[in-house]
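Residue numbers for the sequence shown follow my numbering, so the first one is 5 and each next one is one higher.
C-beta: ideal position from N, C-alpha, C; glycine also.
Fair warning: this is a prediction, and the values are worked out from it, not measured in the lab.
Have a look at the structure below before the remarks.
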Amino acid sequence: PSTPDEAPKRMTKADLEWLRKRRDERPPLGEDAVTLIRRMRDEEE
């Protein structure tokens with residue numbers, strides 16, 4: 005984490021590629037976020 009005296013570091017293409025690779029390695033959730041939230045909401049009723 006940056007301290008108040010430090011400026012935030014800019015994201016580089018390498019940073020974005022690292023994030024993209026990590027995201028692709030994660031298992032799929034099976035449904036999108038909107039569907040998941042709607043299902044959770046409807047279960048409470």
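- Query: In three-state DSSP terms, what is D44?
  - Reply: It should be noted that the sequence gives Met, not Asp, for residue 44. Of the three classes helix, strand and coil, the one that applies to M44 here is helix, per DSSP.
What is the rounded straight-line gap between the Cα of E34 and the Cα of R27? This sequence places Gly at residue 34; Glu is not what is there. Those two C-alpha atoms are separated by around 14 Å.
Which residue marks the beginning of the alpha helix (DSSP H) containing A11, and which one marks its end? Note, A11: premise wrong, no alpha helix (DSSP H); not H, not E.
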